[in-house]
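Worksheet: one structure, shown below.
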Amino acid sequence: MEQRHYEQQRAELADIRDELSAMTAKASSRDGSVEVTVDQSGIVTDVRLEPRALRGAAADLGRAVTEAAREAARLAHQRVSESIGPIEDIVGRMPDPEDLLPGAPSLREPDAVVVEEPALVAYEADEYDDYYD
């Protein structure tokens with residue numbers, strides 16, 4: 000029974016990951032002369048200009064592109080937030096790694112950081128050291 004539940008959770012998380020990786024958002028400037036598409040991170044992936052956008056001043060074109068890009072990034076952020084909402088429900092049903100493996104970081108308390116100091120390794124000179132001197 001637990002195995003089936005775990006597999007279902009994994010499938011749900013994979014669906015959300017696929018949805019997020021394919022997500023885009025589009026927005027246009029107020030006058031409709033510029034359309035910008037962004038990916039799920041808000042990174043611009045496409046800019047489309049109406050011919051009339053090129054007839055105005057360069058500063059106006061810059062403002063129109065910036066306006067559309069900001070709105071598209073806002074929409075992408077909103078969609079990502081809506082898409083990852085179910086992850087909290089799924090993760091809430093999963094055991095915390097700390098409960099399964101002592102010393103593992105907790106997903107429930109992300110601020111609790113487990114850091115171990117790296118072991119010091121003694122340096123030993125070898126025949127290659129003279130070659131590079």
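Sequential numbering from 0 applies to the sequence shown in our numbering.
Glycine included, every Cβ here is placed at the ideal spot set by N, Cα and C.
Here the structure is a predicted model, which means the values were calculated and not measured.
Bridge partners - residue i, DSSP secondary structure assignment
| i | result |
| --- | --- |
| Ser-27 | Glu-34 |
Enclosing beta strand (DSSP E) for residue i [first to last residue]
| i | result |
| --- | --- |
| Arg-47 | 43-48 |
Straight-line Cα distance separating residue j from residue i
| i | j | result |
| --- | --- | --- |
| Leu-19 | Val-79 | 7 Å |
| Val-113 | Gln-77 | The predicted position of Val-113 is uncertain, since its pLDDT is 49 and thus under 50; a value taken from the coordinates is nonetheless stated next. In a straight line, the C-alpha of Val-113 is about 32 Å away from that of Gln-77. |
| Ala-58 | Ala-52 | 11 Å |
| Asp-45 | Leu-60 | 15 Å |
| Leu-48 | Ser-82 | 30 Å |
| Ser-32 | Thr-65 | 12 Å |
Task: Cβ pair count under 8 Å reaching 3, the segment 37-46 against the segment 3-11 - done: The segment 37-46 makes no contact with the segment 3-11, as fewer than three CB pairs between them are under 8 Å.
Open item on the list: Pairs of beta-carbons, one from the segment 11-26 and one from the segment 68-80, closer than 8 Å: are there three or more?
Closed with: yes
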